[in-house]
Every structure is written in structure tokens, then in C-alpha cells.
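Just so we're aligned: the sequence shown equals residues -4 to 814 in this note's numbering.
C-beta: ideal position from N, C-alpha, C; glycine also.
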Amino acid sequence: MTSDSGDVATTRQSKAQLMSEPKTETISTVQLRVGELYWKQEGTYGWTLGQVSGFDQKQQTATFCLIDEATGECLCPTEELQEVEQLVDLRQSLLLAANPLFSTAADMTSLRHLHEAALAKNLEDRSALQNQRPYTFMANVLIAVNPLRHLSEPNKMLFVGQPLDKCPPHPYNVAENAYRQLCAVRAVMQNQSIIISGESGSGKTETSKIILDFLTMRAVHRPALSSSMSFTSDEETDPEPELTAKNRSVVGCMGPPRSSTLAMSYPQSSGKGKLSPVAVGERLMETIPILESFGNAKTHRNHNSSRFGKYMRLQFANETHELSGASIDTYLLEKSRLVFQPQGERNFHVFYELLYSDDTECLETTFHLKPKTPEAYAYLNQSGCLRSDLIDDAENYQNLISALQFIGIRESTQHEIFRLVAGLLHMGNIKISQEDTEEGETACIREDDVESQEAVRHASELLGVSSEKLTDSILLKRIMTRGSRRNSIYFIKRDVRNAVYSRDTIAKTIYEHTFTWLMWKCAAALDYDSFRSDVVPYIGVLDIFGFEDFEPKNRNSFEQLLINYANETLQRAVHERTHLQPNEPTHLKNTREAKRFVLFEECAIAKGIRRVSAYTCDLAIEAEERGEKLQAELDAIDKLSGIEFVERVSSFKPVLDQAVISLPLKDKLRKHVDGLVSRVKTIKKEAAAARAANGVHDATAEATKAKDAGQEIVVVKFDVGTDSKLGREMLDAMSAIIPTGSFMIFSTDSDTNKTAAFTRVSQQHADSKQLDARKWVNHAMVVMNGKGGGKDVLNATGQAKTVEKVDEAVTLAKGFISN
């Protein structure tokens, strides 16, 4: 919005002089007036303020004199700004500026000119340092511009029970309005929701704290105050009311004070084991440091960015409207941040807070950590950002401890929580190396790698498992078969890539469960009545993750893609509710000629009594239209052939069953479908016969090839279906070529996504204990999560509900030799 003028120079010509000779010029659809102020777009988002000083009709241009926004005067050339006049194409859109230039509006719907430049200018002027009014209304939507500095909050009491149109724009205003709507006299109290959205770093989390702070106070001060406690004049001209230490809080800090004179004067219980409104409010505010320590992190744009979404519900009693309970629902914790952070960002706050805690002895002896050295841990040192001048990790650790104690988590339990946190730091220091084995290149933790071996010992001790189990869970993949009691568990060594993935997945899972458990403890401390949640009204406060674009330094992660999509979807919903729907024209229904009714259901409900359901008017017309579309679709299917015909008939039948159309038409279409089903059966029968012939032919060919090569154990794969009769025929064909041979045929069915394994072992191989048909097929099917069985050691069959990994199963079968 700021012009490109640089330093302000002395004026060459005043606006009054230019307006002394008014002149209007209209070319195409653009009408400009000499002496008027206009905004001209610069680039994608910028706007430059200027004044039209003349026209050139032949060139269709106007002379555009740049204006200093601070003074409203035309600029003179300087060393930094050589050109203070520009030629503007009259076909370019110029937007009228406000008159007077420095006027602002607390509600932007009252602006004379409603366009992007006017809105941006209004927001910029109100949030400027000399004004310090970061909040502005757009109808019933509050827009907040992050001041990036500490600002004093107004007295909450000045919003309680007062006319909101006389109160300045502020989150207190929104919260008071939501509380009044909740308490409005209705047959059934209506729940309210406050949605806080915006890009990362715009102040969403701090705004949610301000709203929660007000609502917890408002539930105590239910009676409306007298008119003497109101804003005496418009907030645009009068300074803010004087603040006292009792009601002062700042934007950008950890939140409102955890205790106050007001809270100390109320009892902590309201009887029958229920917390008082003040106690619930205090506990709710005390959960904020816990949420921020375990769920927030420093990003490029925000030193305290929420890496999860949360929806907080404040329950209010039906009769008294007092705060009776609260709950916190969390969504999509960014677990990937635990093991990887983009350049210039940090991991979750709790890791740094633990390292900078005052209990150095506990860190070194119990947790085996190096105090104040985050660079020593792989999960913290990869992004190049270890500290932030805006974050005091030591102080935040004390806030976290105080909050945990306040909601009832004992010191011993806190110790166990930090054991897990420390264990995860050691997990990240386990280095995975590569070694050559009989199974190929596999992952290992080298014995001569002292740091990794030490990390394994410390991590296993802190996480409560043995070093062997922790190592095996990282390096080995455990496979369990189905339907077999013996040899049912197999361990396969992972490669380096999968071992690193396994280590990080274990760490992320542990952290996620710890976070979930903490959220459950916070919810349990807030006295939320989940059994009566349908009848006890609440005010919901939604604080979701911010929109971010990490380009060009880093690419957005998949999690950030989902976060951005959620923000855009939410923004669209707000836009439709606040801008589109109020301006939509009225739509008249039943303007078309309506048929009497369409019968779509008839059934017996008792002896001699039948129930008939029908549509009338527009619904009847829509039912007829649906029936016509289905009729046309079925006629098109009737003209198809082959596999496409089979697939379309199979998918059409359930659609017809669910369709709400005329009952006579549905009966007619069903008869048509029954005729098509008969054709489908014929086609499938012919296809099965063709597959059978191909299967026997291919089996004979493979056996002949194996006989010529001197092989007696043959494993092959065909795509001829899973019919057991065909399987026996193929085995018979191969046995006729190699009478002493043993065979395993994998046969897939791509239509049903199934695989069958037909196995036959010769008596010679069975007597020599070389092969057992049942063990052979079970060994091969394990990789497909299949199962097998048979009556004896000579014949067995396996089944799997997938066609994937069939090639791996063939490889396992070929390499199998029974002991």
C-alpha cells in the first residue's frame, strides 16, 4: 500500500492548486476527474496513490502524479525517486481513494468505496503504530492484523451487557455476541461457534486465548452492568479506557494471567463435586501452555506456530448460563516434524524446554541428556535453527510444569512424561549403517559405533524396553502367517532406508500417543459433561493451523497441503455465508407444470393393509427425469459386448435398486436387466471355457519345457482364474508329462483380485522328505497374507485375496526345500 516515493520531499504543487481547475475526461468506460485521488495497481498485491493532473485524448493516457500517503501532497523528484509523474493508460483500472484520505472506519461496510485498495488502506491505517487498532469489522466478521508487538487489552467489563454497536472492534466484542446469542430466549438454546482462521503467524492462537479469557470471565459476570460502564464516545476519536493491572493482558505472550484477584475471591467448587465456573475457566487457561509446548513449534513466519488444530467447547448451564465444563478436541498433529524440520525451523517446543530446564542433575544422570545443547541431537540439529530470541525455553518449561500441576498431573507422572521425551531424543541419535549379508545389503547398528550403541541403551532404558527388543523392532520386519501353528512367524532384515523409516515411525507413534494422552488428561480436568452434550449448550472456538507457502526455500509437505486445503475450504464457506448468500435472488419453486404423483414404493404392513409412497409436484418431475436417464443408460448398455458389457451390467443393477423412480418403470427396467444378466452368464461361461483350455495348454507347454531341461520341481504362474477343477486339470496335464515331478501353479483372477496356488508333490519327493505339499504352499503364501491346506503331504491348495506380490510368492516357492 505504501507508495514508491522513499523519503518525503518538499511539495512542488499542492492538491488545492490542482483542484482549482477541475476537468473530467471519459474514454471508453473510464471516467476520471482532474484533481481526484486514485489508486493504481502495482504488481500483484501493491497499490500506489496518485492524482490525475491531465489527459491526452489522442494517446488515451492520463498524467498520474504520485502522492505521499503521509501528507496527501504531491511528491517532488529526489535522488531515490526520479519520476514522480507517470502516464497511465485510460483503459487501466484506477480506483477512487477515500475523501478525506485519512478517514478510517471501524466497520468497513461503511466505507464509501468498497474495493481492494480501500480495504487494504483502511486496515493499514488502523493498525499503524500511532493508531494501534489492529481489529476492524467487515459486517459480522472481525479482521485482525497482527501488530507484532505487545498491546494492552481494553477493560472486559466495558463489553459486558453493553450495546455492541457502540463497542470498538475486538475479540471481546465477538465473544460477547456469541454469549448473548447462546443466552437468548428460545425454546431450545442454540450452540455457537467462533471460527478463527488465517495464514500462519497472523495471530490466530493468541486471538483464541483472548476469546477464551473473556468467555471464562463472562460466565461469572452474568448480570448486565449499568450504562455508566460503557464507552462514552466513538472509539475512533477517543483514546482507549484506562487499564488496570487487574484486567490487563498482552497479545503475543503466553496468554492471560493464570490467576487474578477476581478468581481468588470465588470458591473452587459449586457443590456435588462440580467445579465452579471460575475453576473451570482457570483450568482451561492452564491447558494452553501444555498445548503449546507439545503441539507448537517455530516456523519461518511464526515463532509459536500451532502444528495441530483444536476445537474447544465451553459448556454453559441451561438455567444459570454459568460455565459448567469444557473440552478440547485436537486434529492432525504434524508428527513428521518430530523427525524432520525444514531449514530455519524448530521441532516441538517441549524438547528445547526440557534441555534448558534448571534441573541439570536430573538431565545428566536420569535422562542422560546434555543440558543446553540441542545441537547434540539429530532430531533437533538438522534444520540449522536451535534457538530463537523470541522464545525463552527455560521460562516456558517452568510454565509447563506449573500447568501440569494445576490440572492434576502429579510430579511422578510428569517425570515419566519427560522420560519419554528424552528417550525420543536418544532414538534420533541411533545411526543406521549398512552391511553385506547372505540376504544382501541389510541395515545394522555397528558395534564399533559408540554413540549409536549408547543411544540404544539410553533410549531403551527411558522407553522401558530392552535394548534387544528396540534394536530388533528397528532392524527386523516381523511377518506372521495365517492358518498355521508351526513356523508361523518370520523375521526379515530391513535395508537401511526401511530401518530408518521404522525408527522414525516408532518415535512418531510414541510422541503421538503421549500427545493424545495429555489431551485426554486436559479434557478430564475440565469437567465436560459428555453424557448430556446434546442438551447442554456450548460455545465452540475453532483454532486451526495456518495457511503457509514454504516456497522457494522449502516445499510444502503433504500435511501442509491438507492444512492449506482445510483453510481454503473454510474460507469458501465463510465467503458464501457472508457475501454470496445475502445477495442471492429469491428462487420460486413449483414454477413448472407438475404431474399429479409418481408412485415409487408399495409394500404390505399388515394383513389386508398396504402402504403406498408417492412423490408430487417438483419431486414427481425429478423422479420421472431420473427414470428417463436410467432407461437411456440401460439402452446404451444393451448395445455393448464383451467385458465392457459385463462390467456395466454388474454396476447398473445396484444403482437401479437404490433409485427412487416410478415403480412401474422400475419393474420394467428390472425385467430388462434380468435379460441382460442371462447374457452375462453366457459370456462368463464361454470365457471360463476359454481360460480352461488356455490353462491346460499352457501347463502342458511349461511341463514339456521343464522336462527338456531335466527339472522335476516346477513352479509357474498363469492368469486363468481360481477354479479348483481347472487347477486339478492343469496338474494332471503336467503330471502326464513328468510322472515323478512336483508342481505348484499360481493362478490369478484379475476380476475378483484373488490368487489360488494348486500344489501336487510326487510320492518320490514326499518319501525322501524333500517336499511336503502343505508346508510348501504355506511357505509361499505367507508373503501374500494367504493361507493353505490339504488332506495329505501330496496335495494342497492355497488362497489369497490379492494378486499383488504373486511374483514374490513364486520366488519363495522356488527356493523352498523342506527339512
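query                                                                                                          : result
Whole-angstrom distance between K472 and L432, CA atom to CA atom                                              : The displayed chain sequence assigns Thr, not Leu, to residue 432. Their Cα atoms are separated by approximately 16 Å.
Where E277 falls, given that 16 or more other Cβ within 10 Å makes a residue buried                            : buried
The stretch 317 to 327 contacting the stretch 368 to 386, beta-carbon criterion three pairs below 8 Å          : no
Pairwise C-alpha distance: V798 and N748                                                                       : 6 Å
G690: first and last residue of the uninterrupted alpha helix (DSSP H) it sits in                              : 658 to 703
Residue environment, P262, which counts as buried when at least 16 other CB atoms sit within 10 Å              : Since pLDDT at P262 reaches only 33, below the 50 mark, its modelled position is unreliable, and the value read off the structure follows with that caveat. Per the 10 Å Cβ criterion, exposed.
Three CB pairs or more closer than 8 Å across the stretch 288 to 295 and the stretch 335 to 346                : yes
A520 to L143 span [Cα, whole Å]                                                                                : 33 Å
Beta-carbon proximity check, P369 vs E359, cutoff 8 Å                                                          : no
At least 3 beta-carbon pairs within less than 8 Å: the stretch 676 to 694 vs the stretch 647 to 661            : no
Span of the alpha helix (DSSP H) around M729                                                                   : 719 to 732
Integer Cβ distance of F647 from E628, believed to fall under 8 Å                                              : 7 Å
Between the CA atoms of F311 and I412 - distance to the nearest angstrom                                       : 33 Å
Nearest-angstrom Cβ-Cβ length linking A438 and D490, presumed shorter than 8 Å                                 : 6 Å
CB of F753 within 8 Å of CB of G705, strictly                                                                  : no
Residues near H760 in its chain [Cβ-Cβ closer than 7 Å; skip 5 each side]                                      : S737, L766
Touching by the beta-carbon criterion (3+ pairs, under 8 Å), the stretch 190 to 204 and the stretch 145 to 158 : no
Buried or exposed by the 16-neighbour rule on C-beta atoms within 10 Å, applied to S483                        : exposed
First and last residue of the uninterrupted beta strand (DSSP E) at M776                                       : Element bounds for M776: not the beta strand (DSSP E) but the alpha helix (DSSP H), 768 to 776.
Three or more C-beta pairs below 8 Å linking the stretch 710 to 722 and the stretch 792 to 806                 : yes
S98 classed as buried or exposed, judged by whether at least 16 other C-beta atoms fall within 10 angstroms    : exposed
Touching by the beta-carbon criterion (3+ pairs, under 8 Å), the stretch 169 to 183 and the stretch 97 to 117  : no
Euclidean distance between Cα positions of G423 and A373                                                       : 5 Å
First through last residue of the alpha helix (DSSP H) which encompasses F154                                  : From DSSP, F154 is part of no alpha helix (DSSP H); its letter is neither H nor E.
Inter-residue spacing [alpha-carbon to alpha-carbon] between L651 and L625                                     : 8 Å
Environment of Y326 [buried if 16+ CB atoms lie within 10 Å]                                                   : exposed
Per DSSP, the bridge partner or partners of K35                                                                : T43, L89
Buried or exposed by the 16-neighbour rule on C-beta atoms within 10 Å, applied to L660                        : buried
Residue from F401, G784, A775 with nearest C-alpha to S806                                                     : In the sequence under discussion, the amino acid at residue 806 is Thr, which differs from the Ser named in the question. Among F401, G784, A775, the Cα nearest to that of T806 belongs to A775.
Among D718, V756, T699, T511, the one whose alpha carbon lies nearest that of A728                             : T699
Alpha carbon of L13 to alpha carbon of R128, nearest angstrom                                                  : Model confidence at L13 stands at a pLDDT of 37, short of 50, so the residue's coordinates are unreliable; what they give is reported in the following sentence. The alpha-carbon atoms of L13 and R128 are separated by roughly 33 Å.
Among A139, N780, Q36, F540, the one whose alpha carbon lies nearest that of L557                              : F540
Buried versus exposed call for Y523 [16 or more other C-beta atoms within 10 Å across all chains shown]        : buried
Residues bridged to K488 (per DSSP)                                                                            : L471
Distance between beta carbons of M307 and V536, contact taken as under 8 Å                                     : 5 Å
Local conformation of L238 per DSSP, three classes                                                             : Legend: pLDDT at L238 = 31, less than 50; position of this residue unreliable, value from coordinates given subsequently. Three-state DSSP puts L238 in coil, outside helix and strand.
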